[in-house]
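This note's numbering numbers the first residue of the sequence shown as 31 and each following residue consecutively.
We treat Cβ as the ideally placed atom computed from N, Cα and C, and that holds for glycine.
Bear in mind the structure is a predicted one, so any value in this text is a computation, not a measurement.
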Amino acid sequence: LNIVCEGASDFGSFPGVKQIGWWVFDGEFGFSLEADWITDEALDQTNPTIAASTDQRVRIAWTGLTASFTEPQIRYITLDGFAAGFYTPDATITEITAAASDHFAPSIAVDTSGNIHIVWHGVTATSPTVMQLASVSSFDGAATWSAAVDLTDDTVDQVNASLLWAGGAAQF
Numbered sequence: 031l032n033i034v035c036e037g038a039s040d041f042g043s044f045p046g047v048k049q050i051g052w053w054v055f056d057g058e059f060g061f062s063l064e065a066d067w068i069t070d071e072a073l074d075q076t077n078p079t080i081a082a083s084t085d086q087r088v089r090i091a092w093t094g095l096t097a098s099f100t101e102p103q104i105r106y107i108t109l110d111g112f113a114a115g116f117y118t119p120d121a122t123i124t125e126i127t128a129a130a131s132d133h134f135a136p137s138i139a140v141d142t143s144g145n146i147h148i149v150w151h152g153v154t155a156t157s158p159t160v161m162q163l164a165s166v167s168s169f170d171g172a173a174t175w176s177a178a179v180d181l182t183d184d185t186v187d188q189v190n191a192s193l194l195w196a197g198g199a200a201q202f
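Here it is as structure tokens:
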């Protein structure tokens with residue numbers, strides 16, 4: 031059992047700033063005593079979501095602020111191994127969105143072919159004041175990502191989507 035959460039960590043360069051933590055329940059010894067903190071950022075990292083793929087990798091997406099983008103963006107990381115402490119120390123954080131607009135609350139799923147899908151809500155060029163749902167997919171293990179696809183175009187906010195993949199391989 032793998033769990034991610036946001037929390038104000040007491041480690042790293044920025045104590046008190048919300049970071050993304052990862053705990054593992056191994057079934058024999060219980061939860062890891064401390065979180066493996068995935069981020070160490072100067073600005074808040076929030077709303078993590080997690081999915082596992084059949085290649086023994088943990089896939090995590092979240093909302094984060096960075097020095098480059100002070101508007102909330104969707105961020106992603108792949109961690110090798112299902113046990114805490116076994117992820118690649120130099121795992122790279124990928125900026126899924128990199129725009130001067132707000133993006134929030136991702137949800138992530140991996141289909142049966144290992145394709146990774148992320149959906150979130152935010153403002154877009156065609157909807158600069160109303161929150162809409164958007165998505166991206168990766169068909170090569172997160173090496174590259176599709177362009178963002180707008181899933182909704184409504185006159186009222188569409189927010190807090192949850193993504194569940196319940197069948198074969200597909201794409202948005």
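Three-state secondary structure (DSSP) of residue i
| i | result |
| --- | --- |
| residue 175 | coil |
| residue 134 | strand |
| residue 40 | coil |
| residue 73 | coil |
| residue 140 | strand |
| residue 148 | strand |
| residue 188 | coil |
| residue 180 | strand |
| residue 96 | coil |
| residue 124 | strand |
Local Cβ density within 10 Å of residue i, reported as buried at 16 or more and exposed below that
| i | result |
| --- | --- |
| residue 99 | buried |
| residue 190 | exposed |
| residue 194 | exposed |
| residue 79 | buried |
| residue 84 | exposed |
| residue 136 | buried |
| residue 127 | buried |
| residue 86 | exposed |
Beta-ladder partner(s) of residue i, from DSSP
| i | result |
| --- | --- |
| residue 32 | 54 |
| residue 82 | 88 |
Residue i and residue j closer than 8 Å at C-beta
| i | j | result |
| --- | --- | --- |
| residue 102 | residue 70 | no |
| residue 138 | residue 148 | yes |
| residue 164 | residue 180 | yes |
| residue 174 | residue 162 | no |
| residue 104 | residue 50 | no |
| residue 160 | residue 187 | yes |
Run of the beta strand (DSSP E) containing residue i, from where it starts to where it stops
| i | result |
| --- | --- |
| residue 195 | Run containing residue 195: none; DSSP gives neither H nor E here. |
| residue 164 | 162-168 |
| residue 110 | 103-110 |
Residue i Cβ short of 7 Å to the ligand MG heavy atom set
| i | result |
| --- | --- |
| residue 127 | Ligands in the displayed structure: none, and consequently the ligand MG is not present. |
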